[in-house]
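Heads up: the structure comes next, in C-alpha coordinates.
In UniProt numbering, the protein residues as written are 1 to 177.
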(Lines of atoms letter the chains of each structure in order from A and count residues from 1; the text may use other names and numbers.)
(Lines give C-alpha, C1' and ligand atoms only; values in the text may rest on other atoms or scores of the structure.)
Protein backbone atom coordinates (compact mmCIF):
# COMPACT_ATOMS: atom_id res chain seq x y z
CA UNK A 1 0.00 0.00 0.00
CA UNK A 2 1.20 3.51 -0.75
CA UNK A 3 1.24 6.23 1.92
CA UNK A 4 0.60 9.88 1.02
CA UNK A 5 3.49 12.09 2.09
CA UNK A 6 2.49 15.39 0.50
CA UNK A 7 -0.46 16.66 -1.55
CA UNK A 8 -0.81 19.77 -3.69
CA UNK A 9 -3.91 20.88 -5.58
CA UNK A 10 -2.89 21.95 -9.08
CA UNK A 11 -6.35 22.58 -10.56
CA UNK A 12 -9.69 23.31 -8.88
CA UNK A 13 -12.51 23.24 -11.44
CA UNK A 14 -16.29 22.95 -11.54
CA UNK A 15 -16.30 19.21 -12.26
CA UNK A 16 -12.85 17.98 -11.24
CA UNK A 17 -9.93 18.76 -8.98
CA UNK A 18 -6.43 17.67 -9.88
CA UNK A 19 -3.86 16.84 -7.22
CA UNK A 20 -0.14 16.17 -7.40
CA UNK A 21 0.68 13.84 -4.54
CA UNK A 22 3.96 12.45 -3.32
CA UNK A 23 3.64 8.91 -1.97
CA UNK A 24 5.89 6.44 -0.25
CA UNK A 25 5.81 3.07 -2.02
CA UNK A 26 6.02 -0.29 -0.21
CA UNK A 27 9.76 -0.38 -1.04
CA UNK A 28 10.14 2.98 0.82
CA UNK A 29 10.92 4.91 -2.39
CA UNK A 30 9.03 8.11 -3.17
CA UNK A 31 6.84 8.48 -6.26
CA UNK A 32 4.53 11.12 -7.73
CA UNK A 33 0.84 10.50 -8.39
CA UNK A 34 -1.34 12.92 -10.35
CA UNK A 35 -4.93 12.27 -9.35
CA UNK A 36 -8.20 13.59 -10.73
CA UNK A 37 -10.84 13.84 -8.00
CA UNK A 38 -14.43 13.62 -9.27
CA UNK A 39 -17.79 13.48 -7.44
CA UNK A 40 -18.81 10.45 -9.47
CA UNK A 41 -21.59 9.71 -11.85
CA UNK A 42 -24.58 7.55 -12.54
CA UNK A 43 -25.65 5.59 -15.61
CA UNK A 44 -28.98 3.89 -16.30
CA UNK A 45 -29.75 0.79 -18.34
CA UNK A 46 -33.30 1.31 -19.58
CA UNK A 47 -34.92 -1.38 -21.73
CA UNK A 48 -38.31 -0.80 -23.37
CA UNK A 49 -39.80 -3.50 -25.63
CA UNK A 50 -36.46 -5.29 -26.14
CA UNK A 51 -34.78 -1.97 -27.02
CA UNK A 52 -32.17 -0.08 -25.03
CA UNK A 53 -32.67 3.65 -24.62
CA UNK A 54 -29.47 5.38 -25.73
CA UNK A 55 -28.54 9.01 -26.16
CA UNK A 56 -26.48 10.35 -29.02
CA UNK A 57 -24.47 13.42 -28.13
CA UNK A 58 -21.35 15.27 -29.16
CA UNK A 59 -18.43 14.75 -26.79
CA UNK A 60 -15.93 17.56 -26.97
CA UNK A 61 -13.04 15.56 -25.49
CA UNK A 62 -13.23 13.07 -28.38
CA UNK A 63 -14.52 15.56 -30.97
CA UNK A 64 -17.29 13.23 -32.11
CA UNK A 65 -20.80 11.97 -31.42
CA UNK A 66 -21.12 9.03 -29.05
CA UNK A 67 -23.88 6.55 -28.23
CA UNK A 68 -24.32 6.19 -24.48
CA UNK A 69 -26.84 5.09 -21.92
CA UNK A 70 -28.54 7.98 -20.08
CA UNK A 71 -26.07 9.25 -17.49
CA UNK A 72 -24.84 12.24 -15.58
CA UNK A 73 -22.47 13.50 -12.95
CA UNK A 74 -23.29 13.62 -9.27
CA UNK A 75 -23.25 16.84 -7.32
CA UNK A 76 -21.19 16.82 -4.13
CA UNK A 77 -23.05 14.68 -1.58
CA UNK A 78 -25.86 13.72 -3.99
CA UNK A 79 -27.21 10.16 -3.78
CA UNK A 80 -26.81 8.08 -6.94
CA UNK A 81 -30.31 6.54 -7.03
CA UNK A 82 -32.32 9.78 -7.13
CA UNK A 83 -29.75 11.33 -9.49
CA UNK A 84 -30.18 8.36 -11.83
CA UNK A 85 -33.95 8.74 -11.94
CA UNK A 86 -33.52 12.46 -12.65
CA UNK A 87 -31.02 11.86 -15.46
CA UNK A 88 -33.22 9.17 -17.00
CA UNK A 89 -36.17 11.56 -17.11
CA UNK A 90 -34.19 14.58 -18.32
CA UNK A 91 -32.46 12.68 -21.10
CA UNK A 92 -35.15 10.26 -22.30
CA UNK A 93 -38.55 11.44 -21.04
CA UNK A 94 -38.95 8.15 -19.11
CA UNK A 95 -39.07 7.40 -15.42
CA UNK A 96 -39.23 4.13 -13.55
CA UNK A 97 -40.85 2.53 -10.54
CA UNK A 98 -37.50 1.32 -9.17
CA UNK A 99 -33.84 0.96 -9.94
CA UNK A 100 -31.52 -1.93 -9.24
CA UNK A 101 -27.79 -1.42 -8.81
CA UNK A 102 -25.83 -3.41 -11.39
CA UNK A 103 -22.32 -2.40 -10.32
CA UNK A 104 -20.06 0.45 -9.32
CA UNK A 105 -17.57 1.07 -12.12
CA UNK A 106 -14.07 2.57 -11.85
CA UNK A 107 -13.64 3.93 -15.41
CA UNK A 108 -10.05 5.21 -15.12
CA UNK A 109 -8.24 3.55 -12.22
CA UNK A 110 -4.77 4.82 -13.12
CA UNK A 111 -5.35 8.49 -12.35
CA UNK A 112 -8.97 9.20 -11.33
CA UNK A 113 -11.18 8.34 -8.35
CA UNK A 114 -14.48 8.61 -10.26
CA UNK A 115 -17.08 5.94 -9.49
CA UNK A 116 -20.00 5.44 -11.87
CA UNK A 117 -23.03 3.88 -10.21
CA UNK A 118 -24.64 1.74 -12.90
CA UNK A 119 -28.35 0.99 -12.42
CA UNK A 120 -31.04 -0.89 -14.29
CA UNK A 121 -34.38 0.92 -14.44
CA UNK A 122 -37.38 -1.30 -13.65
CA UNK A 123 -41.03 -0.56 -14.46
CA UNK A 124 -40.34 2.11 -17.08
CA UNK A 125 -43.06 4.55 -18.07
CA UNK A 126 -43.22 7.66 -20.27
CA UNK A 127 -43.45 10.96 -18.36
CA UNK A 128 -46.05 13.48 -19.59
CA UNK A 129 -44.02 16.63 -18.76
CA UNK A 130 -40.42 15.47 -18.22
CA UNK A 131 -37.76 17.48 -16.44
CA UNK A 132 -35.66 19.68 -18.71
CA UNK A 133 -32.05 18.72 -19.30
CA UNK A 134 -28.96 20.89 -18.94
CA UNK A 135 -28.92 23.96 -21.19
CA UNK A 136 -25.56 22.98 -22.70
CA UNK A 137 -26.62 19.40 -23.44
CA UNK A 138 -27.88 18.52 -26.91
CA UNK A 139 -28.95 14.91 -27.20
CA UNK A 140 -31.01 12.66 -29.43
CA UNK A 141 -32.77 9.69 -27.86
CA UNK A 142 -32.36 6.44 -29.76
CA UNK A 143 -34.30 3.28 -28.99
CA UNK A 144 -32.07 0.46 -30.26
CA UNK A 145 -32.77 -3.29 -30.25
CA UNK A 146 -30.51 -5.11 -27.79
CA UNK A 147 -29.04 -7.29 -30.56
CA UNK A 148 -28.16 -4.24 -32.69
CA UNK A 149 -26.51 -2.51 -29.73
CA UNK A 150 -24.49 -5.67 -29.05
CA UNK A 151 -23.35 -5.77 -32.70
CA UNK A 152 -22.29 -2.12 -32.48
CA UNK A 153 -20.00 -3.03 -29.58
CA UNK A 154 -18.53 -5.95 -31.51
CA UNK A 155 -18.04 -3.72 -34.59
CA UNK A 156 -16.19 -1.07 -32.57
CA UNK A 157 -18.97 1.51 -32.98
CA UNK A 158 -19.77 1.97 -29.27
CA UNK A 159 -16.79 2.93 -27.12
CA UNK A 160 -18.18 4.25 -23.82
CA UNK A 161 -17.34 1.80 -21.02
CA UNK A 162 -20.50 2.22 -18.92
CA UNK A 163 -22.61 1.76 -22.05
CA UNK A 164 -20.71 -1.36 -23.09
CA UNK A 165 -21.25 -2.88 -19.64
CA UNK A 166 -24.97 -1.99 -19.67
CA UNK A 167 -25.51 -3.43 -23.16
CA UNK A 168 -23.62 -6.61 -22.28
CA UNK A 169 -25.84 -6.96 -19.19
CA UNK A 170 -29.01 -6.55 -21.29
CA UNK A 171 -27.70 -9.00 -23.89
CA UNK A 172 -26.75 -11.49 -21.18
CA UNK A 173 -30.16 -11.16 -19.51
CA UNK A 174 -31.88 -11.74 -22.86
CA UNK A 175 -29.95 -14.87 -23.86
CA UNK A 176 -28.56 -16.42 -20.67
CA UNK A 177 -31.18 -17.18 -18.09
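Idealized CB from N, CA, C, for every residue including glycine. For clarity, every value in this text was computed on a predicted model and none was experimentally measured.
Strand pairing of residue i, partner residues [DSSP]
i           : result
residue 20  : 8, 34
residue 164 : Note: residue 164 sits in no beta bridge, so no partner.
residue 72  : 42
residue 59  : 64
residue 48  : 51
residue 116 : 41, 105
residue 154 : For residue 154, which the question treats as bridged, DSSP gives no partner whatsoever.
Assigned exposure category for residue i - 16 Cβ within 10 Å defines buried
i           : result
residue 92  : buried
residue 145 : exposed
residue 109 : exposed
residue 88  : buried
Member of the options whose CA lies at the smallest distance from the CA of residue i
i           : options          : result
residue 3   : 28, 12, 84       : 28
residue 142 : 65, 5, 123       : 65
residue 106 : 137, 165, 12, 77 : 165
*Do the stretch 44–51 and the stretch 8–27 touch if we need at least three Cβ pairs shorter than 8 Å?*
They do not touch, by the three-pair rule.
*Taking three-plus beta-carbon pairs below 8 Å as touching, is the stretch 114–122 in contact with the stretch 96–106?*
Judged by Cβ distances under 8 Å, the stretch 114–122 makes contact with the stretch 96–106, as three or more pairs qualify.
*Pick out the complete alpha helix (DSSP H) segments inside the stretch 76–109, 4 residues or longer, and give them in chain order.*
Entirely contained in the stretch 76–109, the alpha helix (DSSP H) runs reaching 4 residues are, in chain order, 80–92.
*Does the count of Cβ pairs from the stretch 149–159 and the stretch 127–134 closer than 8 Å reach three?*
At 8 Å Cβ cutoff, the stretches do not touch.
*asked:* Count Cβ pairs between the stretch 31–40 and the stretch 54–61 that sit closer than 8 Å; are there 3 or more?
replied: Output reads no: the stretch 54–61 does not touch the stretch 31–40.
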